[in-house]
Structure formats: C-alpha cells, structure tokens
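Numbering (full-length UniProt numbering), first residue to last: 1 to 435.
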C-alpha cells in the first residue's frame, strides 16, 4: 500500500457529478420509500474512475452488446420496477380515495424498522459488507453518531414523513414533479453552507426550477377524474408538504457534507460513512464500491425511532392499533400490506447500486429522467391523474432543468479531471492535500 495521501485517480477523489467542486465526499444513498422519485443522483460513482478523459486514445473496439451492458440493462429494469412499484404502492396505500390508511408516519417508521432488520441480516451473513477500517472508532463513535448519523437521520425522516403524508392530498404526478425541486434546495443549501461555489449556472438552475415548480401550482392541478380529490385548499397543503420533503432532502445532503468536510483528513470517519477503501493489488489501485447496505444499517434505526415517536404524537398509536383494517383484512394480511414497501425499498437500493457498480454516473442520471416520465405516465393510467396546460409546461421546464443540472455536473467532473492530470504532469508526485 502506497502512501494513502498520494494522488490516486479514482472515484473518491475525482468524481464531481452533483456535489461541490471543492471536494468530493459522497452522501449516503437515499433510503426512503419516496426516493423512487428523487431525481438527485449521487455524483460519486464508485465505478466512474475518471480515467475516461485520460485513456480515450488507448481504448480498443469492443462489441456493442457486452455482458456488462446486459447487466446494466437488467439493473436499470429492476430499478425501474421497484422504484415505480414503491411510488404507486405508497400512493394507493395513503390516498384518501384508495386504501386510505391515515397513518403514513407510523407505517413509514415500520418500513425503516424492516430495513434495519434486512440490513442487519445481510451484514451478519456477509461480514465483508462491514467497513474494514475500524481503528480508534470506539473512542469517537458517540461523537460521530451525534454529529452525523442523528442529523442525517432526522433530515431523512422529515424527507420521508412529509413526502408520504403529502400522498393523502395530491396526485402522484404532482408529487413527482414537485419533489424534483430538491435539486434547487441541494444547490441553495450548498452555497449557504459554503460547500458549493456560486456560479451563474447554479443560479440559473435554481431559478429555472423555481419557475417550473410555480407552474405546477394550478387551480386544476391535483384534481382527478373520479372527482374524489380534495379542494384547492387541501391541494395547497399537500403541495407544501412535498415541498418541505424536497427541502429536507437538501438539508440531509448538507448535514452529510458538512461532517465529511470537517473530517476530510480522518480516513476512519470517512470509511464509516462511505464504506470505501483503496487497495493495492498487482501494482494497480482498486477502489471498493460504496456499500449501501451498511449505510442502511447505520441510518434506519434512528430514522425508525424518530418517525415512530412523531407518529405516536400526531397519528396516535392507539388509533393505529384499533384501526378497522386489522379486522377487515386480518392481522397477517395487514402486516404484509404495511411492510411490503420496506422490501421494495431494500431491493431498489440494491439495483441502483448495481447500476453504479457497472455504469457511469451519467447513465444513472439519464435513466432517472426517463423514470420521472415513466412514473407520471403510470400515474396517469392507474390513478387517472390529469395535467393542465400550465402543468405540462412546468413539467417540460423541470425536465429540461434536470438535464441541465446533470450536464453541468458532468462538465464539472471533466474539467476537474483535466486539472488533476495537468497538475500530475507538472508534479508527478504531488500529494492530494495540495489539490
């Protein structure tokens, strides 16, 4: 193993998809049931090693259809299937005109409890999923938990809670489009926390997203063909809830980034969060992929506790236990109905991670845009959601803004890679601390 501070052109130091250009920490995967509609894609792709810029002249022709491309297609298909299923299922479960379960916060807390159990089983059966760098961790574990895990869990809990409650008041189409505004909150909070360098490109992205979101608020928006939807007042409540969900998603990112910046020189802290480590094998640097299972294992327990306590106060544990669904559908069937989304979230995370292992970040970004359209299309056919002309314009603007955002991040990554290779040419032994 060479000096860990020596520059290695791998994903943990060169990727710049959607995070600040000043450094490249990764935030944990979105562990929420509404992550299925979240357009934010982590810029730190463990497989996107940044060598594309430097090795373009050395590439040899390969078949168009390869084993890896087939695996990517399968992973994207699985990601689409589980992601779409989560969105449709949550809407069906909480919508007042569907199953109408008035306990979205408590039910979501049980999803997190299930995720805790599944991740614990996975780590127990496969110990290699646990980070290897554990030195001096016990002396700082409490501080790390309080300064990173708890804030991130609280923000994530707010993200999930607000999002799932909003399903009772707005359509899935509205939810999908408004949740896309989390991009703007990520950039806004990133600039305020000095994690993101202000540029006119970022300002344009935020302003354009704001225009798109405002156009989604229309008097006809949120109505459904069956006439069972709430009036404009309750729609405004649902719109506000999902907007708060997007805001909490941005805060979750900021909390994660602030701790990673503070502990940038402490590899043991970063390894716990990112579960990445560099190894030397046969003279080549190999980067281990970030591990979403361990991240779920870390974040889901405090998220369960937070959501459960809030749910007991707001929705009432007694009301949940005495709900009619237990007698109407039976205890076993009700448990299956309530916990099924937790399994969907777990396997969706695995497929998303599979894409990141085999493809570049831009692949997942583009796939995410099409997933937004697929979700809206499915919601139109299944729940008969409708769009006004202004809503359609807002949707187009939002999708264009997402594409602009991803292109901007991709351009940033290419630019930084070029700067790094130039610095390496001038001083082949320069250390990462000097970058």
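In this text, a Cβ means the ideal position worked out from N, Cα and C, and glycines have one as well.
Chain-order list of residues whose beta-carbon lies under 8 Å from that of residue i (same chain, five-residue window excluded)
i: residue 403; result: 369
i: residue 339; result: 110, 111 and 114
i: residue 243; result: 178, 181 and 213
Cα-Cα separation between residue i and residue j, rounded to whole angstroms
i: residue 326; j: residue 175; result: 29 Å
i: residue 278; j: residue 416; result: The predicted model places residue 278 with a pLDDT of 41, which falls under 50 and marks its position as unreliable; any figure quoted below should be read in that light. Near 20 Å, if we compare the C-alpha coordinates of residue 416 and residue 278.
i: residue 392; j: residue 215; result: 8 Å
i: residue 142; j: residue 187; result: 30 Å
i: residue 193; j: residue 148; result: 16 Å
i: residue 170; j: residue 232; result: 10 Å
i: residue 227; j: residue 363; result: Note that residue 227 has pLDDT 42, beneath the 50 cutoff, so the model's placement of it is unreliable and no number is given.
i: residue 420; j: residue 385; result: 49 Å
i: residue 119; j: residue 198; result: 38 Å
i: residue 341; j: residue 95; result: 15 Å
i: residue 26; j: residue 335; result: Unreliable positioning characterises residue 26 in this predicted model, as indicated by a pLDDT of 42, which lies under 50. The coordinate reading is nonetheless provided below. Their Cα atoms are separated by approximately 35 Å.
i: residue 196; j: residue 190; result: 5 Å
i: residue 286; j: residue 324; result: A caution first: residue 286 carries a pLDDT of 33, below 50, which makes its placement in the model too unreliable to give a value.
i: residue 158; j: residue 302; result: 12 Å
i: residue 156; j: residue 109; result: 12 Å
i: residue 213; j: residue 382; result: 24 Å
i: residue 409; j: residue 333; result: 45 Å
i: residue 353; j: residue 411; result: 23 Å
i: residue 379; j: residue 395; result: 14 Å
i: residue 121; j: residue 297; result: 10 Å
i: residue 337; j: residue 163; result: 19 Å
i: residue 425; j: residue 414; result: 17 Å
i: residue 406; j: residue 202; result: 11 Å
i: residue 99; j: residue 329; result: 11 Å
i: residue 66; j: residue 92; result: 39 Å
i: residue 374; j: residue 423; result: 43 Å
i: residue 77; j: residue 371; result: 10 Å
i: residue 427; j: residue 131; result: 33 Å
i: residue 68; j: residue 292; result: 21 Å
i: residue 146; j: residue 125; result: 28 Å
i: residue 200; j: residue 144; result: 35 Å
i: residue 236; j: residue 399; result: 22 Å
i: residue 248; j: residue 390; result: 27 Å
Beta-carbon gap between residue i and residue j smaller than 9 Å
i: residue 79; j: residue 308; result: no
i: residue 167; j: residue 250; result: no
i: residue 397; j: residue 211; result: yes
i: residue 154; j: residue 294; result: no
i: residue 305; j: residue 173; result: no
i: residue 113; j: residue 300; result: yes
i: residue 107; j: residue 101; result: yes
i: residue 366; j: residue 161; result: no
i: residue 75; j: residue 331; result: no
i: residue 359; j: residue 72; result: yes
First through last residue of the alpha helix (DSSP H) which encompasses residue i
i: residue 182; result: 182 to 192
i: residue 426; result: 389 to 426
i: residue 323; result: Segment: none, residue 323 is in no alpha helix (DSSP H) and carries neither H nor E.
i: residue 153; result: 150 to 166
i: residue 201; result: 200 to 216
i: residue 90; result: 67 to 94
i: residue 297; result: 292 to 314
i: residue 331; result: 331 to 358
i: residue 107; result: 104 to 125
i: residue 172; result: 172 to 179
Cut-off 7 Å between Cβ atoms - residues of its own chain near residue i, not counting five sequence neighbours on either side
i: residue 246; result: 178, 179, 181, 182 and 185
i: residue 265; result: Bear in mind that a pLDDT of 41 at residue 265, under 50, signals an unreliable position, so the model cannot answer this.
i: residue 82; result: 344, 347, 348 and 351
i: residue 206; result: 184, 187 and 188
i: residue 117; result: none
Cβ shell of residue i (< 6 Å), same chain only, five flanking positions each side left out
i: residue 151; result: 255
i: residue 165; result: 104 and 241
i: residue 127; result: none
i: residue 28; result: Bear in mind that a pLDDT of 44 at residue 28, under 50, signals an unreliable position, so the number given afterwards is only what the model happens to contain. Answer for residue 28: 295, listed in chain order.
i: residue 486; result: Beyond the ends of the chain as shown, which are 1 and 435, falls residue 486; an answer cannot be given.
i: residue 234; result: 169
i: residue 322; result: none
9 Å Cβ cutoff, residue i in contact with chain B
i: residue 91; result: Among the chains of the structure shown, chain B does not appear; only one protein chain is present.
Spell out a yes or no on whether the segment 83 to 92 and the segment 300 to 319 are touching, meaning 3 or more CB-CB pairs, one atom from each, closer than 8 Å.
no
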